[in-house]
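Peer 1:
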Amino acid sequence: MNLEKSLRFQPTPGPVVTIVLDGVGLSSAHEGNAIHAARTPVLDQLFASYAWTRLRAHGTAVGLPSDEDMGNSEVGHNAMGSGRVFAQGAKLVGASIEAGAMWKGQAWLDLIQTAKAGGTLHFLGLFSDGNVHSHLDHLKAMILRAKEEGVKKVRLHILLDGRDVGETSALEYVDPFEEFLKGISSEQFDAKIASGGGRMNITMDRYEADWSMVDRGWKIHVKADGRTFPSARDAITTYRSEAKVIDQDLPGFVVTENGKPLGPIVDGDAVVFFNFRGDRSIEISRAFTEEAFDKFDRGVLPKICFAGMMQYDGDLKIPARYLVVPPAISNTLGEYLSGSGVTQFAISETQKYGHVTYFWNGNRSGKFSDSLETYVEVTSDVIPFEQRPWMKCAEITDALIEAVKSGKYQYLRVNYPNGDMVGHTGSFEAAVTSLQALDLQLGRLIPVILDAGGVAMITADHGNADEMFELDKKGHIKRDEHGHTKAKTSHTLNPVPLILAVKDAYPGWKLEGDIEKPGLSNIAATVCNLLGYEAPSDYDPSLIEPV
């Protein structure tokens, strides 16, 4: 599988380097915009000196159901690495439910059979409508279908968001859902919230950055071993007054009734992890399904029927049982480049390492070619990002500069997580600091790429740090009756930049102006052209044209 040499584009003398500034969107609003507030002379000079354009990075441009849906790192890197737009998690799940396909699948039949044989049907996942990892509409549909099919007992284990939705919005989801559960419960059907906690405190670790999160979640959800409360509402309000943290950081809790936990997970039960996005679903899935497991002491593993909403890792088959088939992404840029003999280098720190490897390669683990590809993971600090907002951008840059100078690689890609991971904390000052630290590293990196005769493609996968406070329709910060602002911890709907930095302003090509709505999926074909190849015919068009 190889690419055709181009008769229209000469390859760049040096390497092509795609630099993903995670969470750095373009907003015309200055209030609450950490990118605007940060001192970034290098980034400012790049915009002033080189050709650049805006790319769509949300909604239908990255395969999500509507243009009201925020983009995220996973679908963004899928689009950049595959050169096309594939229907993604939320859209696939919604379609499966609407068509009734989910209820006919063997995974759902297994879950229902287990629950009807005397077990409890448990639902565990992110409890919001952020539509990045999960959606409550999917959960409601499954609960109603379980009731319709004769399941007697359902228990929910809720991971509070405050990251893809408002930072203190948990009760806006919990209260109406409690009413929903009360409305459908009866003597024949018992559905209740049994446990929960903040998504960044328990359960939803990723890339093996902090297995202790999963351990804490296991104790809460499975063993019902934790601080007890009479309701989820009581737990949330108590922790907010005591811990003074936002929803994503709330400690775990167990709900009890008459002094007994409502929903420990025991032999004979069925469990659905209802997140559709893979990165924060893999570790808890492994904990439920792996016989030889050594990440923490699970105790006696309960004999259950476990299913994920989707299969979160297709190569490693995690989990083996899943409700909706994930998008089949083939013929990715990495695969084509490997088939064409192009040497590649991919690097990030732990928090985003999977994005420049697994997600970039179409949700595929491993390399296409051990001899042509080098992947480097810089270990992330296990510390709140607002306390060390520079993260590992200097160490990443050290390794990347060395790789460029080595002359071994024709194509390199990097993800700098700062704007996203620090942006999610809601700390404006920390986000400003993170971006200023990142700008210093761009000041080191870009000259090295240009001196090597290369092209630096500076872009992002979605916005985040560009809106750090909730804004009204006019772009002004919202304030409550006391004049207090409310932090925004979620992604944005803003476009992202694509800057093409080269020593000569237009070396045989110029930015294409005829693409009606350019997006992240146009990057792959652009890389092909810069390397002197024609893009595959089914890729979305290149952003450059010959002159």
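Remember, the working numbering sits 1046 above the position in the sequence shown when you count from 1. Idealized CB from N, CA, C, for every residue including glycine.
Within the same chain, show all residues whose beta-carbon is closer than 6 Å to that of VAL1675, passing over the 5 residues directly before and after it, in chain order.
Peer 2: Lying before the first or after the last residue shown, residue 1675 is absent from the chain, which here runs from 1047 to 1593.
Peer 1: Does ASN1048 pass the burial test, meaning 16 or more other C-beta atoms within 10 Å, or should it be called exposed?
Peer 2: Residue mapping note: residue 1048 aligns to position 2 of the sequence shown, counting from 1. By the neighbour-count rule (16 or more Cβ atoms within 10 Å), ASN1048 is not buried but exposed.
Peer 1: Specify whether the segment 1155 to 1163 and the segment 1547 to 1557 touch according to this definition: at least 3 beta carbon pairs, one from each stretch, less than 8 Å apart.
Peer 2: Taking 8 Å as the limit for Cβ pairs, the verdict is that the segment 1547 to 1557 does not touch the segment 1155 to 1163.
Peer 1: Would you say the segment 1324 to 1333 touches the segment 1295 to 1311, given that touching needs at least three Cβ pairs under 8 Å?
Peer 2: Taking 8 Å as the limit for Cβ pairs, the verdict is that the segment 1295 to 1311 does not touch the segment 1324 to 1333.
Peer 1: Need the endpoints of the beta strand (DSSP E) that VAL1139 sits in, please.
Peer 2: On the sequence shown, residue 1139 is found 93 positions in, with the first residue counted as 1. It is not in any beta strand (DSSP E) - VAL1139 instead sits in the alpha helix (DSSP H) that spans 1135 to 1145.
Peer 1: Cα separation between GLN1487 and VAL1066?
Peer 2: Taking the sequence shown and counting its residues from 1, the one referred to as residue 1487 is at position 441. Taking the sequence shown and counting its residues from 1, the one referred to as residue 1066 is at position 20. So the alpha carbons of these two residues sit roughly 13 Å apart.
Peer 1: What does the alpha-carbon distance come out to for the pair LEU1092 and TRP1436?
Peer 2: Residue mapping note: residue 1092 aligns to position 46 of the sequence shown, counting from 1. Residue mapping note: residue 1436 aligns to position 390 of the sequence shown, counting from 1. Using only the alpha carbons, I get a separation of about 21 Å.
Peer 1: For GLU1077 and ALA1136, I'd like the C-alpha separation in whole angstroms.
Peer 2: Residue mapping note: residue 1077 aligns to position 31 of the sequence shown, counting from 1. Residue mapping note: residue 1136 aligns to position 90 of the sequence shown, counting from 1. Approximately 31 Å between the Cα atoms of the pair.
Peer 1: From SER1596 to VAL1370, what distance separates their C-alpha atoms?
Peer 2: As displayed, the chain neither begins before 1047 nor continues past 1593, which places residue 1596 out of reach and without an answer.
Peer 1: Can you give the Cα-Cα distance for THR1378 and VAL1062, rounded to whole angstroms?
Peer 2: Here residue 1378 corresponds to residue number 332 of the sequence shown, with the count starting at 1. Here residue 1062 corresponds to residue number 16 of the sequence shown, with the count starting at 1. Distance between the alpha carbons of THR1378 and VAL1062 is about 17 Å.
Peer 1: Once you ignore the five residues that flank MET1126 on each side, which residues in its own chain have a CB closer than 6 Å to its CB?
Peer 2: As a first step, residue 1126 is located in the sequence shown; it is residue number 80 there, counting from the start. Result list for MET1126: LEU1566, ILE1569, in chain order.
Peer 1: Looking at the structure shown, is HIS1530 part of a helix, part of a strand, or coil, going by DSSP?
Peer 2: As a position in the sequence shown, residue 1530 is number 484, starting the count at 1. DSSP places HIS1530 in coil when its eight states are reduced to three.
Peer 1: What is the rounded straight-line gap between the Cα of VAL1211 and the Cα of GLY1171?
Peer 2: Numbered from its first residue, the sequence shown carries residue 1211 at position 165. Numbered from its first residue, the sequence shown carries residue 1171 at position 125. Answer to the nearest angstrom: the Cα atoms are 15 Å apart.
Peer 1: Using a Cβ cut-off of 8 Å (strictly closer), state whether GLY1578 contacts chain D.
Peer 2: Of the chains in the structure shown, none is chain D; there is only one protein chain.
Peer 1: In the DSSP output, which residue or residues are listed as bridge partners for GLY1243?
Peer 2: As a first step, residue 1243 must be located in the sequence shown, where it is residue number 197. DSSP, once it has assigned bridges, lists LEU1205 as partnering GLY1243.
Peer 1: Check each candidate in ARG1209, LEU1202, LYS1162, VAL1478 and name the one with the smallest Cα separation from GLU1195.
Peer 2: Taking the sequence shown and counting its residues from 1, the one referred to as residue 1195 is at position 149. Among ARG1209, LEU1202, LYS1162, VAL1478, the Cα nearest to that of GLU1195 belongs to LYS1162.
Peer 1: Could you compute how far the alpha carbon of LEU1576 sits from the alpha carbon of SER1386?
Peer 2: Walking along the sequence shown from the start, residue 1576 turns up at place 530. Walking along the sequence shown from the start, residue 1386 turns up at place 340. Each residue's Cα considered, the two are about 14 Å apart.
Peer 1: With DSSP run on the structure shown, which of helix, strand or coil describes ASP1293?
Peer 2: As a first step, residue 1293 is located in the sequence shown; it is residue number 247 there, counting from the start. ASP1293: helix per DSSP, three-state reduction.
Peer 1: Shortest alpha-carbon distance to VAL1070 belongs to which of LEU1544, ALA1581, SER1452, LEU1185?
Peer 2: Walking along the sequence shown from the start, residue 1070 turns up at place 24. Ranking LEU1544, ALA1581, SER1452, LEU1185 by Cα distance to VAL1070 puts LEU1544 first.
Peer 1: Does ARG1262 come out as helix, strand or coil in the three-state DSSP assignment?
Peer 2: Taking the first residue of the sequence shown as position 1, residue 1262 is located at position 216. Of the three classes helix, strand and coil, the one that applies to ARG1262 here is helix, per DSSP.
Peer 1: Taking all protein chains shown into account, do 16 or more other C-beta atoms lie within 10 angstroms of the C-beta of LEU1190, making it buried, or fewer, making it exposed?
Peer 2: By one-based count along the sequence shown, residue 1190 stands at place 144. Classification of LEU1190: exposed, given that the 10 Å Cβ count is below 16.
Peer 1: What number of angstroms, rounded off, separates the C-alpha of GLU1591 from the C-alpha of SER1426?
Peer 2: As a working note, residue 1591 is residue 545 in the sequence shown. As a working note, residue 1426 is residue 380 in the sequence shown. Their Cα atoms are separated by approximately 39 Å.
Peer 1: Among the candidates GLY1272, VAL1542, HIS1179, whose CA atom is the shortest distance from the CA of GLY1208?
Peer 2: Taking the sequence shown and counting its residues from 1, one reaches residue 1208 at position 162. It is HIS1179 whose Cα lies nearest to the Cα of GLY1208.
Peer 1: Count Cβ pairs between the segment 1099 to 1114 and the segment 1389 to 1407 that sit closer than 8 Å; are there 3 or more?
Peer 2: Judged by Cβ distances under 8 Å, the segment 1099 to 1114 makes no contact with the segment 1389 to 1407, as fewer than three pairs qualify.
Peer 1: Please list the segments of the alpha helix (DSSP H) lying wholly inside the segment 1059 to 1109, counting only runs of 4 or more residues, in order along the chain.
Peer 2: For the segment 1059 to 1109, whole alpha helix (DSSP H) runs of length 4 or above, ordered along the chain, are 1080 to 1083, 1087 to 1095.
Peer 1: What residue does the alpha helix (DSSP H) around THR1572 start on, and which one ends it?
Peer 2: As a first step, residue 1572 must be located in the sequence shown, where it is residue number 526. That run of the alpha helix (DSSP H) goes 1569 to 1576.
Peer 1: So, with DSSP's three-state summary, where would you put LYS1198?
Peer 2: Here residue 1198 is taken as the residue at index 152 of the sequence shown, counted from 1. Coil at LYS1198, not helix or strand.
Peer 1: Can you list the alpha helix (DSSP H) stretches of 4 or more residues lying completely in the segment 1398 to 1474, in chain order?
Peer 2: List check, alpha helix (DSSP H) in window: 1439 to 1452, 1464 to 1467.
Peer 1: Helix, strand or coil: which one does DSSP assign to HIS1123?
Peer 2: The count along the sequence shown starts at 1 and reaches residue 1123 at position 77. DSSP places HIS1123 in helix when its eight states are reduced to three.
Peer 1: Quick check: the Cα distance between THR1214 and SER1588, rounded to an integer number of angstroms?
Peer 2: For the purposes of this step, residue 1214 is taken as the residue at position 168 of the sequence shown. For the purposes of this step, residue 1588 is taken as the residue at position 542 of the sequence shown. Taking the straight line from one Cα to the other gives about 42 Å.
Peer 1: Give me whichever residues DSSP pairs with ILE1523 in a beta bridge.
Peer 2: For the purposes of this step, residue 1523 is identified with residue 477 of the sequence shown, where counting begins at 1. BP columns for ILE1523 point to LEU1517.
Peer 1: Return the bridge partner residues of GLU1213 from the DSSP annotation.
Peer 2: As a first step, residue 1213 is located in the sequence shown; it is residue number 167 there, counting from the start. Looking at the DSSP assignment, GLU1213 forms no beta bridge with any residue, so it has no partner.
Peer 1: Taking contact to mean at least 3 C-beta pairs separated by less than 8 Å, is the segment 1263 to 1273 in contact with the segment 1231 to 1239?
Peer 2: Because the criterion of three Cβ pairs below 8 Å is not met, the segment 1263 to 1273 and the segment 1231 to 1239 do not touch.
Peer 1: Compare the C-alpha of LYS1454 against each of ASP1466, VAL1318, LEU1217, GLU1419 and name the closest.
Peer 2: Position 408 of the sequence shown holds residue 1454. Here the closest residue by C-alpha is GLU1419.
Peer 1: What number of angstroms, rounded off, separates the C-alpha of ARG1252 from the C-alpha of ILE1081?
Peer 2: Within the sequence shown, the letter at position 206 stands for residue 1252. Within the sequence shown, the letter at position 35 stands for residue 1081. In a straight line, the C-alpha of ARG1252 is about 26 Å away from that of ILE1081.
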